[in-house]
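>
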Amino acid sequence: MTEYALILVSTVLVNNFVLVKFLGLCPFMGVSRKLETSMGMALATTFVLTLSSVCSYLVNEYLLQPLGLEYLRTIAFIVVIAAVVQFTEMVVHKTSPLLYQVLGIYLPLITTNCAVLGVALLNVQEQHGFLHSALFGFGAAAGFSLILILFAALRERIVAADVPAAFRGPAIALVTAGLMSLSFMGFTGLIKA
Amino acid sequence: MSTKLWRFPGGLHLPGHKAESTQRPVERARLPGRLILPLHQHIGAEANPVVTVGERVRKGQMIARAEGYVSAPVHASSSGTVIAVGDFPVPHPSGMNAPCIVIETDGLEQWCERRPAPDYTTQDPSHLRNLIREAGIVGLGGAGFPSYIKLNPLGKAVDALILNAAECEPYITCDDMLMRERAAEIIHGIRIMRHALHAARCIIGIEDNKPEAHAALLRALGELHISDIQVTQVPTRYPAGGEKQLIQVLTGKEVPSNGLPIHIGIVCHNVATAAAVYRAVQLGEPLISRYVTITGPGVPKPRNLDVLLGTPMSELLEQCGADPASISHLVMGGPMMGFSVHSSSAPVVKTTNCLLTGRHRPAEPPAMPCIRCGACAEACPAKLLPQQLYWHAHAKEFDKAQQYNLFDCIECGCCAAVCPSHIPLVQYYRYAKGEIWTREREKQKADVARERHEFRLARLAQEKAEREARHAQKKAELAGKTAPRETALH
Amino acid sequence: MLRTGAALALFAVAGTAIVAYTFDQTRARIAESERAALLSKLHALLPPDQHDNDLLQDALEVTAPELGPRAVKVHRARKGGLPVAAAFTPVIAPDGYSGPIKLLIAIRYDGTLAGVRVIGHRETPGLGDPIEEARSDWILKFTGRSLDNPQPPQWKVKKDGGAFDQFTGATITPRAVVKAVYNSLNYFAAHRDELFAQGAADGR
Amino acid sequence: MSITPYKKIVHDGLWANNPALVQILGLCPLLAVSNSVVNALGLGLATLLTLTLSNTIVSLIRDLVTPEIRLPVFVLVIACVVTAIELAMNAYLHELHVILGIFIPLIVTNCIIIARAEVFASKTTVGRACADGFMMGLGSTLALVLLGALREALGHGTLLANAHLMFGAAAKDWTITLMEHYHGFLLAILPPGAFIGLGLLIAVKNVIDSRIERYRAQAVSLPHEAGAKA
Amino acid sequence: MLSAIIAFTALAAVFGLILGFAAIRFKVEGDPLVDKIDALLPQTQCGQCGYPGCRPYATAIAGGEADINQCPPGGEAGIIALADLLGRDPKPLNAMHGVVKPKRVAIIDEPLCIGCTLCIQACPVDAILGAPKQMHTVIEQECTGCELCIAPCPVDCIRMAPVRQDIRSWKWQAPMQAAGRRG
Amino acid sequence: MLRVIYALIPGVIAYVWFFGWGVAVNIILACSVALVSEAVMLAVRGRAIKPFLLDGSAPVTAFLLALSLPPLAPWWITLTGTAFAIVVAKQLYGGLGHNPFNPAMAGYVMLLISFPREMTQWLAPETVSGHALNFIEAARVIFSGALPPGLTLDAVSAATPLDALKTHLHLGETAETARRASPVFGSLGGLGWEWINGLFLLGGLWMIYKKVITWHIPLALLGSLSTMALIFHLFNSAAYVSPLFHLFSGAAMLGAFFIATDPVTACTTPRGKLCYGAGVGVLTYVIRTWGGYPDGIAFAVLLMNMAAPLIDHYTQPRVFGHK
Ligand SMILES: Cc1cc2nc3c(=O)[nH]c(=O)nc-3n(C[C@H](O)[C@H](O)[C@H](O)COP(=O)(O)O)c2cc1C
Ligand SMILES: Cc1cc2nc3c(=O)[nH]c(=O)nc-3n(C[C@H](O)[C@H](O)[C@H](O)COP(=O)(O)O)c2cc1C
Ligand SMILES: Cc1cc2nc3c(=O)[nH]c(=O)nc-3n(C[C@H](O)[C@H](O)[C@H](O)COP(=O)(O)O)c2cc1C
Ligand SMILES: Cc1cc2nc3c(=O)[nH]c(=O)nc-3n(C[C@H](O)[C@H](O)[C@H](O)CO)c2cc1C
Ligand code: SF4
Ligand code: SF4
Ligand code: SF4
Ligand code: SF4
Ligand code: FES
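These protein sequence lines map, in sequence, to chains A, B, C, D, E and F.
The first sequence begins at 1 in the numbering used here and counts up by one.
The second sequence begins at 194 in the numbering used here and counts up by one.
The third sequence begins at 684 in the numbering used here and counts up by one.
The fourth sequence begins at 888 in the numbering used here and counts up by one.
The fifth sequence begins at 1118 in the numbering used here and counts up by one.
The sixth sequence begins at 1301 in the numbering used here and counts up by one.
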């Protein structure tokens, strides 16, 4: 039990995907101008990331490994991810048009969010089991969402600030991200192992 | 008497500065050579002149008719001749000129014929409202909203008629003096209002820094053997006189956001308004004069005057021993909510409760950036977050400001008063509100333009189609004509 | 719909074919590089001229508390069939400042250290990381030492009255490393012969 | 669109529309591996190669693919290219491959590649697509190397440390030590440094741009000065 | 090798089918965007943006051909609104397309007007009244101030005048900037 | 702002008393650097300089940064830290009032992760080391690194109480043995630290009385910190030290009254302030107890700065007349 809690703490805080592992930065920078949109993105990513983490684990375990096709891993995973994204898209569209309104535009973006592929690859690299993969994927997504939403709220405040011309826009956003990751250094050593 | 009182959030204890202008008794203001009567002294539509230049008018005669539901007529406050109808300086933050009727007084003070209705109890409310409307009575306490509308319960049961005698702003004492000197008139006025509203209760709310006025009211009630009007002292804390605040203090009810007091069965009027109602109904006199406080470091003899509407402010300053030229800046209203008047030749209007004068404009310290200390939020009686409103208004993010409920701001100025960074917050809010309204208007205009443009495009397309059709037809005819001739040639 | 499916499948086939081809071409080379990479690490401690067997082939796995929680691979160097040295990887020093430290420890048959290297750690950059060869030569000071050099009680950092330096402001990390090395020396002393005795068969 | 002059392609790729500094795409590898010049160069070249190849192929097959499967096919193409490159690197630049780790396969999801395929390569001639791919790749590589240099210099006081990983043993002594006994400003090589560093680069670019803008404005002597604020 | 190909054909086929469905549906997204953008444009219909009217410009933005900073009448507020809608960073107005001017309306000097109807044809919102050979007048509240009627007039009897300010249209100005803001 | 500095003075005096004049040197150095870099940045940004130099925010930043540095930190540490605080964390965002992160703490954390060695070299209280460095000596150490003859760095330096506690617990000792083993502990918290914290507490209370700050943040912070500590202490007093120790060692009081209360970077709504303070307290405890760094205040403050806008967004008070 505690082991799984630790996995979450470690992926959400200590090894936060965005601020420490440098994954999923494009959506992090791109979809954080408004709080609402960032929340939509967070929701979509969380779902897709968890699902694709599991699926890619299955594909790797029961398709690639047996056939000795490890070298096709990347291709296989990206295929899986794209499929999952589309699948999610359809499900959402069918079940709740309202949610679709919110998420619709973000889902396609997720395909090129390297956090998703990153999770899949890391699962293999670190030989996670099934449950571990699921948790890892969820934790990564949670970390991503947390940071994304906080960042969006911060940015909404910063746009009104008297930022020097040269730093307006992406530059100051990156500096902010830097200071955020500076703060997250505080979690280092929280999980020894 | 000790009745249960409630507390409104925020607010400030301000130095009152009221003693200065209450030492001397109220005296009539001298009759000026000319009276300047703006057509727009109230909320709502501008009144419509019914007199022409050169025409002779009597005191109390209607010279401009109310235009539409939310509007009020204007009356000649003394007898004389109309010498101009046109734009003149008026008391307004813009400092612009606005349409006025100018009367040269003849000093005869000849009244037009008055129709008193001594026994109002026999009148039905709608007729009373009509009298009040015809008398041009508007709220004398603040916004100058036509009072007859507020006297119309709109079919709702009115639980309480609240008389606003708080006069919470520093320096202002006109209501105070009115209560000391004309308590009886106020009481009568209140009973008329009450009759019109069928109000169950009737409370006069007065700040506890006016013992004399309080005593005067009680005395008057005693003399008139009236027991069903309750006089309640409320703690002195700005803005206790704010309509919503006073209502909360006296009844514990909150006027819903962008709702009206009437929606919670309450109507709030100023005491001066009540007095005006009495004169209108029982003496048949329209609203042609009011008490005005002339005070501030700029005048040697600060006091209250009973002023004919339309009297130029400069005359009043002179009467209080000040030389208008020496006065560097002149504020109409109090230090918190008043605005500077650009020319002392502007006239006193229905909503002029106070002239605040300064010898030299206080040098405002430079505004520093907001450090989000939250002092403003603690002072805000509307429980807003002024720092956020400012943050967004300053960044021109007006929709965000609106999300933070900009329009619940009553512009009381408490926030600006406490701001350690000396930010003119209220100015930012007024600016933001103005911008939002303009954008609304422009949006509507744009939509119209879009329609007209699309309509035009459609029309052009149609014309083109028709032209082509005609063209084709012509061709066909031509072809029809030519063909036989050719055959004929052969 | 079917058309699109087919078309896509076509592309998939083509793509896969190309990749598969590349894979075939590079497979041998990749295996080779991986070998070389590992070998170069070992050769840093056990120079090729000191042995004549294939270190990668002649290996076995052991598990022992002294060497850490997980199984440790032991590569054995022999010359003319005679044991020369053994390289343990990875030896885990569990009590680093912020997590376990992975070590590669090579011990000569006579019980002296052929060398120690850090192959993975999470110590604080700037405080704990002088244990890396790249950052300081602290780790090199182990070479040539053994259980009687210094005497066992001396196998500590100076601060704890031992023979090994600590870093300014960082005692925990060196403490952990010294302890781990000392433990593995003990383990080697205890199990030396069976380590070399076991047939080279396993590990293949 | 399809008749973009080559001059513009070059200018876009390297400056005006630089993937890293302007489009802010493909950040993950950019920030993750830019802690030393060599790593940056390694990944940069890999990306460049991928971009060029993928763009070329995409433009080659642009008439064969129906709109519905455009995206999947492009993704597939890119994935294949990347895998091929990865295998090659693993074979010939093994250490570097180990260091760069999952960021080589992650080139697949590097947004800039799919973006170029979508908005440019799929709409233009092979030559231009190839050029665009190359220039965009070069643009991000330059940004990578710049950031790498900045961080390595500040962090370790060196440049081109362990270049042999890439250029073979001959390059062992290429390392340039800018400052002996340099304390080492760890911030630069730690994650926060990556973000702040890139932020600074972008800011510098903005300054240069506005200078150019102002210069132009004066040259044309427009009545009102554009973009010159604060 | 073969197993690889087989395995993949399977995967990809599935994938292709699924995607086939979804990709088609994405098409519909385009148009509402144009409306959303058009709703933010001032509808002056002046063409300064380089397109014949606001809607064409909106279409161009949606199509990614035009940038969001080309509409002078929209001004800074307009650009920010567009940036918000499209999730981009706002940028200063592109000087190539003109500068922000106070709102103005056209006034026809009626004695001079010869009733040529050219301005009527030019006006995008039919804000000019008049018939051939009769003097024309501008319906002030309908005029968007696009200035398109100025050029065609053969006798130059049309001029632009600022919209009249009176005490009701007056609004509070922003207070002067916080301390130290130079210019 | 000046009143913030007045409130700091008693604590500073205690600081000098226990750790020698190094602190004073650091403060002076930091202040001058802060003012200079502020002025330079304002000039570059084309803003008026005088009003912003006089608003006193830069000195406050400098004070708080200097107070969190090791007393004998070399001059270039103070310099880079202060410059980073003012230039990057404050001026890049538009200066006073616009910065989302607490400049002083940003500067401190930057130093801590960049130069951990220098940043963990703490001076032992004079009562322990038995050496009293006077102003000149301290200045010489700071600027040239030259200790007075007959002194070694190891002699005068020691880990801070929190740090030492970590080290000993790490060695598997109990809190009690740790406190007996190392001389740096006092009766409540760290030796000397208890006095320093006590005086900062006084200064803080004075600021509340003077309405410079409100009670919300300090109360919530200290409350949550001690609650956490109490729970775990009761649960296992060998591994987890008492709440009092937490309150009276490290930067607890300084943080609660002077750092977390920075109005610019904290929450601004009343309820928000409570959440914010509680958050800082909990995070501080977590980082102190399980994290890699001995004191967590700085990180906790920065982390909560990060969350402040969101918290504000969700803790707006009910506006008058709204349901
Ligand atoms: C635009 C506007 C419309 C109003 N409409 C009504 C109304 O329909 N009925 C009513 O009883 N009071 C109405 N009021 C009067 C308000 O309730 C309030 O008494 C008036 O604004 C004076 O209060 P103040 O001086 O605090 O602004 C209106 C006020 C304004 C400003
Ligand atoms: C901040 C503020 C303070 C006010 N103070 C007073 C006051 O002291 N006395 C008063 O009669 N009206 C005051 N008003 C106006 C009242 O809100 C309200 O408009 C008025 O009492 C309605 O009565 P009337 O329509 O007869 O003027 C104040 C309004 C505001 C917004
Ligand atoms: C941020 C930080 C990081 C640290 N990292 C390490 C480290 O990686 N390795 C280490 O041995 N000590 C590290 N320490 C220092 C230990 O806390 C302890 O003070 C040091 O080992 C000195 O212990 P001593 O008092 O027994 O000499 C670190 C201290 C701090 C404040
Ligand atoms: C009560 C109070 C606490 C403050 N705390 C800090 C602080 O912790 N760090 C800091 O850099 N500035 C602090 N300041 C100064 C100033 O608010 C801070 O530099 C702003 O962040 C500058 O924008 C404080 C100011 C006040 C009034
Ligand atoms: S009082 Fe002034 S400085 Fe304080 S928060 Fe309000 S606006 Fe900002
Ligand atoms: S002016 Fe508005 S914001 Fe300021 S205190 Fe009054 S109501 Fe609140
Ligand atoms: S410039 Fe603006 S107002 Fe004029 S046509 Fe273009 S979009 Fe419409
Ligand atoms: S009248 Fe002239 S300026 Fe006005 S809208 Fe028509 S064409 Fe434009
Ligand atoms: S490169 Fe774009 S999300 Fe990682």
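Ideal placement from N, C-alpha and C gives every residue a C-beta, glycine not left out.
Predicted model, so just to flag it, every value in this text is computed and none were measured.
Counting beta carbon pairs with one atom in the region 369-389 of chain B and one in the region 541-550 of chain B, are three or more of them shorter than 8 Å?
no
> Can you check DSSP and say which residues form a bridge with B:E220?
Against the second sequence, residue 220 of chain B aligns to sequence position 27. In the DSSP output, where bridge partners are listed per residue, B:E220 has B:L498.
> Taking only beta-carbon positions, decide if A:A160 is within less than 8 Å of chain B.
Here residue 160 of chain A is taken as the residue at index 160 of the first sequence, counted from 1. Yes - at least one Cβ of chain B is within 8 Å of the one on A:A160.
> Check the Cβ-Cβ distances between C:A883 and every residue of chain E, and say whether any is below 8 Å.
Mapped onto the third sequence, residue 883 of chain C falls at position 200. In this predicted model, C:A883 has a pLDDT of only 49, less than 50, meaning its place in the structure is not dependable; the value taken from the coordinates is given anyway. It does not; no Cβ of chain E falls within 8 Å.
> Applying a beta-carbon distance threshold of less than 8 Å, which residues of chain D neighbour C:I713?
If you number the third sequence from 1, residue 713 of chain C lands on position 30. Contact of C:I713 with chain D by beta-carbon distance below 8 Å involves L974, N977, A978 and H981.
> Using DSSP's beta-bridge definition, name the partner residues of B:P292.
As a first step, residue 292 of chain B must be located in the second sequence, where it is residue number 99. For B:P292, which the question treats as bridged, DSSP gives the partners B:D280.
> What does D:P959 reach in chain A if we use C-beta pairs closer than 7 Å?
The residue given as residue 959 of chain D occupies position 72 in the fourth sequence. What D:P959 touches in chain A: A82.
> Counting only Cβ pairs nearer than 8 Å, list the residues of chain B close to E:K1153.
Start at 1 with the first residue of the fifth sequence, and residue 1153 of chain E comes out as number 36. Here the premise fails: no neighbours, minimum Cβ distance about 14 Å.
> Using only alpha-carbon positions, find the residue among B:T486, B:I487, B:P505 and B:G398 that is nearest to B:C461.
Along the second sequence, one-based indexing puts residue 461 of chain B at 268. Checking every option, the nearest Cα to that of B:C461 belongs to B:G398.
> Mind checking if B:W199 is an interface residue toward chain A, Cβ cutoff 8 Å exclusive?
Residue numbering aside, residue 199 of chain B sits at position 6 when the second sequence is read from its first letter. It does not; no Cβ of chain A falls within 8 Å.
> Per DSSP, C:K785 forms a beta bridge with which residues?
Along the third sequence, read from residue 1 onward, the residue named residue 785 of chain C stands at position 102. According to DSSP, which records beta bridges pairwise, C:K785 is partnered with C:I775 and C:G803.
> Please compile the residues from chain A whose C-beta is within a distance smaller than 7 Å of the C-beta of C:F706.
The residue given as residue 706 of chain C occupies position 23 in the third sequence. The contacting residues are Y71.
> From what residue to what residue does the alpha helix (DSSP H) around C:R761 run?
Position 78 of the third sequence holds residue 761 of chain C. Not the alpha helix (DSSP H): C:R761 falls in the beta strand (DSSP E), residues V755 to K762.
> Are the C-beta atoms of E:A1198 and some chain A residue less than 8 Å apart?
As a first step, residue 1198 of chain E must be located in the fifth sequence, where it is residue number 81. With respect to chain A, the C-beta atom of E:A1198 has no partner C-beta closer than 8 Å.
> Can the beta-carbon of D:G1084 be found closer than 8 Å to that of D:L1046?
Counting from one through the fourth sequence, the residue named residue 1084 of chain D turns up at place 197. Counting from one through the fourth sequence, the residue named residue 1046 of chain D turns up at place 159. For D:G1084 and D:L1046, no; Cβs fall outside 8 Å.
> Check distances from the C-beta atoms of the region 1054-1077 of chain D to those of chain F and list, in chain order, the residues that come in under 9 Å.
Of all residues in the region 1054-1077 of chain D, only H1070, G1071, F1072, L1073, L1074, A1075 and L1077 place a beta-carbon less than 9 Å from a beta-carbon of chain F.
> What residues from chain D crowd round C:P808, counting only those whose CB sits closer than 8 Å?
One-based indexing of the third sequence puts residue 808 of chain C at position 125. Residues of chain D passing the Cβ test: L1073, I1076 and L1077.
> Can you list, in chain order, the residues of its chain with a C-beta nearer than 7 Å to that of A:V116? Leave out the 5 residues immediately preceding and following it.
What you label residue 116 of chain A is simply residue 116 of the first sequence in a count that begins at 1. So the list reads V48, L49, S52, I81 and I110, once near-sequence residues are dropped.
> In its own chain, which residues sit with a C-beta less than 7 Å from the C-beta of B:E213, not counting the 5 before and 5 after it?
Residue 213 of chain B sits at position 20 when you count from the first residue of the second sequence. Only T488 and P495 meet the Cβ criterion.
> Within the present structure, is the beta-carbon of F:F1558 separated from the nearest heavy atom of ligand 4 by less than 7 Å?
Taking the sixth sequence and counting its residues from 1, one reaches residue 1558 of chain F at position 258. Yes; taking the cut-off as 7 Å, the Cβ of F:F1558 has a heavy atom of ligand 4 nearer than that.
> Output yes if chain B places a C-beta closer than 8 Å to the C-beta of F:R1618; else output no.
Position 318 of the sixth sequence, counted from the start, is the residue given in the question as residue 1618 of chain F. It does: the Cβ of F:R1618 has a partner Cβ on chain B nearer than 8 Å.
> Please report the residue range of the alpha helix (DSSP H) in which D:N926 lies.
Position 39 of the fourth sequence holds residue 926 of chain D. Looking at the DSSP string, the run of the alpha helix (DSSP H) that includes D:N926 is V924 to L947.
> If the cut is a Cβ gap below 7 Å, which residues of chain C does D:V962 touch?
Along the fourth sequence, read from residue 1 onward, the residue named residue 962 of chain D stands at position 75. The premise fails here: D:V962 is roughly 10 Å from chain C at the closest Cβ pair, so nothing lies under 7 Å.
> One question on the structure: do E:I1275 and E:I1225 come within less than 8 Å of each other, judged by their Cβ atoms?
Reading the fifth sequence from its first residue, position 158 is the one you call residue 1275 of chain E. Reading the fifth sequence from its first residue, position 108 is the one you call residue 1225 of chain E. In terms of Cβ geometry, E:I1275 and E:I1225 form a close pair [threshold 8 Å].
> Counting only beta-carbon atoms, is E:A1239 nearer than 8 Å to chain B?
Taking the fifth sequence and counting its residues from 1, one reaches residue 1239 of chain E at position 122. Closer than 8 Å: no.
> Residues of chain E with CB closer than 7 Å to the CB of C:T699, please, in chain order.
Your numbering for residue 699 of chain C matches position 16 in the third sequence. The contacting residues are A1121, I1122 and F1125.
> How would you label C:Y792, buried or exposed, when you count the other beta carbons within 10 angstroms and need 16 or more for buried?
Locating residue 792 of chain C in the third sequence gives position 109, where the first residue counts as 1. Result: buried.
> Counting Cβ pairs, one atom from each stretch, are 3 or more of them under 8 Å apart for the region 646-653 of chain B and the region 606-622 of chain B?
no
> Between B:P242, B:T429 and B:A392, which has its C-alpha nearest B:A358's C-alpha?
Taking the first residue of the second sequence as 1, we reach residue 358 of chain B at position 165. Checked all of B:P242, B:T429 and B:A392; the closest Cα to B:A358 is B:T429.
> Give me, in chain order, the residues of the same chain whose beta-carbon lies closer than 6 Å to that of E:I1267; leave out the 5 immediate sequence neighbours on both sides.
The residue given as residue 1267 of chain E occupies position 150 in the fifth sequence. Excluding positions up to five away in sequence, the list reads I1275.
> With contact counted as at least three CB pairs below 8 Å, one residue from each stretch, are the region 975-983 of chain D and the region 1003-1019 of chain D in contact?
no
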